[in-house]
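**Q** Quick one: the structure is below, questions incoming.
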């Protein structure tokens, strides 16, 4: 459960977040949909405590990230943009390192790593250094890092960027799996199909504010449009900056 | 130490050991610096100890065979090759006759005294001639039954308190300096890679989004860099131990012997310096915007410890620098290798100073990791 209330953040001259409030529930996939520069990444970074909001609170499972960052982060898994792989480590070392950082013992971390490697079909590259990996291999490694410690909440920043159809399907399946296991999945995207196919709840963002909240169908009904794309354009009131 | 810190240190070390640049930076210095120093000492010793033969022109040499023999035992002889100095020693025609009669026999030194380069050679020739003259005088007195000591109302005794090792100030200083400087060079690349490099590769934000405190990150990074620096120091010491054994120290009358007790002392005294070096390099690299920028900043920043080390080895302002970081430890090490007592107070103060600097840099780093500007390079 991720709860964001009245977040405001100014970066330089830009009001990146403007009184932003929403919540993402357990057992649901929540999509943060917005054009480029809507403040999606800023919002996610604030949820992780990497950016300090000028105003407002971000809570993870009821823990204020600003007050107790370590225990709040314990409940979070991040699939970042960009990935931030360590090129000289193998996926096995990389994944197990982050598992240990989340409080698993070395032995537990190794076990959890093996499990997640099986789950994501990473076995063939698990012991090769990450240098020279394809985008799909990088995505899987980064995703494994995000879910290895079984956090209740998983946050993904633009997870499908640069992926081919096969990798995108793998990713979708995994996200659905996580949802069915009762995790709270929150991801940001500007790809309509992605959001329409996956999300139980869509949060439409523009200029740092929430414009609309609801399921893809509900948003279509609300705007009287047939597709989410048309609904989206209707909602943000401009067709500027949309990359579908 | 918490498990998370140990995990981070382990990861940093694995990562660094696989980074050719980081490993090579340490290795090049550890192998290269002692060898270069040895080469330099070879040249230096060659220049200091074997005064080259002095070739001069000797006119009428057959008139004084004994004198010519004496001079050649002092390395001064009749030369005809190109490196003959423009100094002429002329033995008068009646030299042998006057010598036989116990009179003053005449020799003449002809040279351009305004020529600076000849001064040393002229003095050397004059000194040898004086010596010969004194020797002959004593022999004449003995032949007349007089104790030659009547001619020496004063006996001059100079007691040289210098132990062989203490004569070697500058050379020992240089040797010790190159060894301790290893802690600055060996960890440098790792320090940049794990801070500015980590941010450039976008893994810093990812690391910070995990449940670790900034203190844990800072401590792990400092420890990893310090370990690299100390490994560099150990390697440098081992290479030095073997390389310095080949330098013909006996010709100088002292030796730079890298023995076990010196190595242990160096490692103990070097540890705080290594910690400070790690903090300094990490701090500077975190402040820099990119890997390249960090490299250029660090090169400039490393001038400071370099200058302190130089000051210690050339004995500049010894009263002040013995309390300062780097130079204080270096001076203590030089004292130790000279076989004198360790200046414990000074060493303690400079080491405390060193650690205090390290701590304040670590606090600064810990603060900076909470700053959005530093983390995202804004």
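Chains as they are written, first to last, in my numbering: chain U, 342 to 585; chain G, 30 to 407.
We treat Cβ as the ideally placed atom computed from N, Cα and C, and that holds for glycine.
Where does residue 371 (chain U) sit, in a helix, a strand or coil, going by DSSP?
**A** Counted from its first residue, the first chain places residue 371 (chain U) at position 30. Reduced to three states, the DSSP call for residue 371 (chain U) is strand.
**Q** Examine the Cβ distances between the segment 40 to 52 of chain G and the segment 84 to 101 of chain G and report whether three or more of them are shorter than 8 angstroms.
**A** In short, these stretches do not touch, since the Cβ pair count stays below three.
**Q** Please report how far the alpha carbon of residue 42 (chain G) lies from the alpha carbon of residue 311 (chain G), in whole angstroms.
**A** Mapped onto the second chain, residue 42 (chain G) falls at position 13. Mapped onto the second chain, residue 311 (chain G) falls at position 282. Each residue's Cα considered, the two are about 15 angstroms apart.
**Q** Please check if any C-beta of chain U sits within less than 9 angstroms of the C-beta of residue 56 (chain G).
**A** The count along the second chain starts at 1 and reaches residue 56 (chain G) at position 27. No, its Cβ sits nowhere closer than 9 angstroms to a Cβ of chain U.
**Q** When you compare the segment 386 to 406 of chain U with the segment 344 to 364 of chain U, are there three or more beta-carbon pairs, one atom per stretch, that lie closer than 8 angstroms?
**A** Contact holds: three or more Cβ-Cβ distances are below 8 angstroms.
**Q** Return the chain-ordered list of same chain residues with a C-beta closer than 6 angstroms to the C-beta of residue 214 (chain G), the five sequence neighbours on each side being excluded.
**A** Counting from 1 along the second chain, the entry for residue 214 (chain G) is found at position 185. Only 58 meet the Cβ criterion.
**Q** Taking only beta carbons into account, state which residues of the segment 221 to 244 of chain G come closer than 7 angstroms to chain U, listed in chain order.
**A** Those residues of the segment 221 to 244 of chain G that come within reach of chain U (Cβ to Cβ, closer than 7 angstroms) are 230, 231, 232, 234, 235, 237, 238, 239, 240, 241 and 242.
**Q** Please tell me whether residue 247 (chain G) and residue 384 (chain G) are closer than 9 angstroms, where the distance is taken between their beta carbons.
**A** As a position in the second chain, residue 247 (chain G) is number 218, starting the count at 1. As a position in the second chain, residue 384 (chain G) is number 355, starting the count at 1. Going by C-beta atoms, residue 247 (chain G) is not nearer than 9 angstroms to residue 384 (chain G).
**Q** Beta carbons nearer than 8 angstroms to chain U: which residues of the segment 42 to 56 of chain G have them?
**A** Flagged, chain order: 43, 44, 47 and 48.
**Q** Given residue 170 (chain G), which residues of its chain have a CB within under 8 angstroms of its CB, disregarding the five upstream and five downstream residues?
**A** Residue numbering aside, residue 170 (chain G) sits at position 141 when the second chain is read from its first letter. Excluding sequence neighbours, residue 170 (chain G) sits near 176, 177, 179 and 180.
**Q** Can you give the Cα-Cα distance for residue 404 (chain G) and residue 228 (chain G), rounded to whole angstroms?
**A** Mapped onto the second chain, residue 404 (chain G) falls at position 375. Mapped onto the second chain, residue 228 (chain G) falls at position 199. Near 7 angstroms, if we compare the C-alpha coordinates of residue 228 (chain G) and residue 404 (chain G).
**Q** Name the chain U residues that come within less than 7 angstroms of residue 404 (chain G), Cβ to Cβ?
**A** Against the second chain, residue 404 (chain G) aligns to sequence position 375. The contacting residues are 391.
**Q** Smallest Cα separation from residue 486 (chain U): which of U:451, U:558 and U:538?
**A** Translated into the one-based positions of the first chain, residue 486 (chain U) becomes position 145. The shortest C-alpha separation from residue 486 (chain U) is found at U:451.
**Q** Taking the straight line between their C-alpha atoms, what separation do you get for residue 46 (chain G) and residue 38 (chain G)?
**A** In the second chain, residue 46 (chain G) corresponds to position 17, counting from 1. In the second chain, residue 38 (chain G) corresponds to position 9, counting from 1. Their backbone Cα atoms lie some 12 angstroms apart in a straight line.
**Q** Comparing the C-beta of residue 548 (chain U) with each C-beta of chain G, is any distance below 9 angstroms?
**A** In the first chain, counting from the first residue as 1, residue 548 (chain U) sits at position 207. No - not a single Cβ of chain G is within 9 angstroms of the one on residue 548 (chain U).
**Q** Where do the N-terminal and C-terminal ends of the alpha helix (DSSP H) with residue 349 (chain U) fall, by residue?
**A** Working through the first chain from its first residue, we reach residue 349 (chain U) at position 8. Where residue 349 (chain U) is concerned, there is no enclosing alpha helix (DSSP H), although the beta strand (DSSP E) it sits in stretches over 343 to 352.
**Q** If we cut at 9 angstroms on Cβ distances, does residue 36 (chain G) have a partner in chain U?
**A** Position 7 of the second chain, counting from 1, holds the residue named residue 36 (chain G). Closer than 9 angstroms to some Cβ of chain U, the Cβ of residue 36 (chain G) qualifies, so yes.
**Q** Are the C-beta of residue 444 (chain U) and some C-beta of chain A separated by less than 9 angstroms?
**A** Going by chain labels, chain A is absent from the structure shown, which instead holds the protein chains U and G.
**Q** CB-CB under 6 angstroms to residue 127 (chain G), same chain, minus the five flanking residues each way: which ones, in chain order?
**A** Here the question's residue 127 (chain G) lines up with position 98 in the second chain. Result list for residue 127 (chain G): 134, in chain order.
**Q** If contact is defined by three or more beta carbon pairs under 8 angstroms, each pair taking one atom from either stretch, is the segment 398 to 417 of chain U in contact with the segment 228 to 240 of chain G?
**A** As far as the Cβ criterion goes, the segment 228 to 240 of chain G touches the segment 398 to 417 of chain U, which means the pair count is three or higher.
**Q** Short of 7 angstroms in beta carbon distance, which residues of its chain neighbour residue 552 (chain U), apart from the five on each side in sequence? Order them along the chain.
**A** Here residue 552 (chain U) is taken as the residue at index 211 of the first chain, counted from 1. Same-chain partners within the cutoff: 545, 546, 576 and 577.
**Q** Tell me residue 546 (chain U)'s beta-bridge partners as DSSP assigns them.
**A** Residue 546 (chain U) sits at position 205 when you count from the first residue of the first chain. DSSP lists U:551 as partners of residue 546 (chain U).
**Q** Is the CB of residue 270 (chain G) under 9 angstroms away from at least one CB in chain U?
**A** By 1-based counting over the second chain, the position of residue 270 (chain G) is 241. Closer than 9 angstroms: no.
**Q** When the Cα atoms are used, what is the spatial distance from residue 372 (chain G) to residue 361 (chain G)?
**A** Along the second chain, one-based indexing puts residue 372 (chain G) at 343. Along the second chain, one-based indexing puts residue 361 (chain G) at 332. Using only the alpha carbons, I get a separation of about 6 angstroms.
**Q** From the beta carbon of residue 401 (chain G), is the nearest beta carbon of chain U less than 9 angstroms away?
**A** On the second chain, residue 401 (chain G) is found 372 positions in, with the first residue counted as 1. Cβ-Cβ to chain U under 9 angstroms: yes for residue 401 (chain G).
**Q** Going straight from the alpha carbon of residue 532 (chain U) to that of residue 375 (chain U), what length do you get?
**A** Here residue 532 (chain U) refers to the residue found at position 191 when the first chain is read from its first residue. Here residue 375 (chain U) refers to the residue found at position 34 when the first chain is read from its first residue. Whole-angstrom Cα-Cα distance: 9 angstroms.
**Q** Quick one: residues in its chain with C-beta nearer than 8 angstroms to the C-beta of residue 29 (chain G), no 5 flanking neighbours on either side, listed in chain order?
**A** Summary: the structure shown does not reach residue 29 (chain G), with chain G confined to residues 30 through 407, and so no result is reported for it.
**Q** Kindly list, in the order they appear in chain U, the residues whose Cβ is closer than 8 angstroms to that of residue 218 (chain G).
**A** Start at 1 with the first residue of the second chain, and residue 218 (chain G) comes out as number 189. The premise fails here: residue 218 (chain G) is roughly 13 angstroms from chain U at the closest Cβ pair, so nothing lies under 8 angstroms.
**Q** Determine whether the Cβ of residue 429 (chain U) lies closer than 9 angstroms to any Cβ atom of chain G.
**A** Locating residue 429 (chain U) in the first chain gives position 88, counting from the first residue. Chain G, which has a Cβ nearer than 9 angstroms to the Cβ of residue 429 (chain U), makes this yes.
**Q** Using DSSP with H/G/I as helix, E/B as strand and the rest coil, what is residue 365 (chain U)?
**A** By one-based count along the first chain, residue 365 (chain U) stands at place 24. Strand at residue 365 (chain U).
**Q** Among residues of its own chain, excluding the 5 on either side of residue 405 (chain U), which ones have a beta-carbon nearer than 8 angstroms to its beta-carbon?
**A** To locate residue 405 (chain U), count along the first chain from 1; it is residue 64. Same-chain partners within the cutoff: 398, 399 and 413.
**Q** May I ask you to report which of helix, strand or coil DSSP gives residue 360 (chain G)?
**A** As a position in the second chain, residue 360 (chain G) is number 331, starting the count at 1. The answer is helix: DSSP assigns residue 360 (chain G) an H, G or I state.
**Q** Under 9 angstroms between the Cβ atoms of residue 125 (chain G) and residue 93 (chain G)?
**A** What you label residue 125 (chain G) is simply residue 96 of the second chain in a count that begins at 1. What you label residue 93 (chain G) is simply residue 64 of the second chain in a count that begins at 1. Contact: yes.
**Q** Should residue 257 (chain G) be counted as a contact of the ligand MG given a C-beta to heavy atom distance under 8 angstroms?
**A** The model depicted lacks the ligand MG and carries no ligand whatsoever.
**Q** Looking at residue 265 (chain G) and residue 366 (chain G), is the spacing between their C-beta atoms short of 9 angstroms?
**A** The residue given as residue 366 (chain G) occupies position 337 in the second chain. The residue given as residue 265 (chain G) occupies position 236 in the second chain. Cβ atoms of residue 366 (chain G) and residue 265 (chain G): not closer than 9 angstroms.
**Q** According to DSSP, is residue 219 (chain G) part of a helix, a strand, or is it coil?
**A** Numbered from its first residue, the second chain carries residue 219 (chain G) at position 190. Looking at residue 219 (chain G) - three-state DSSP - the assignment turns out to be helix.
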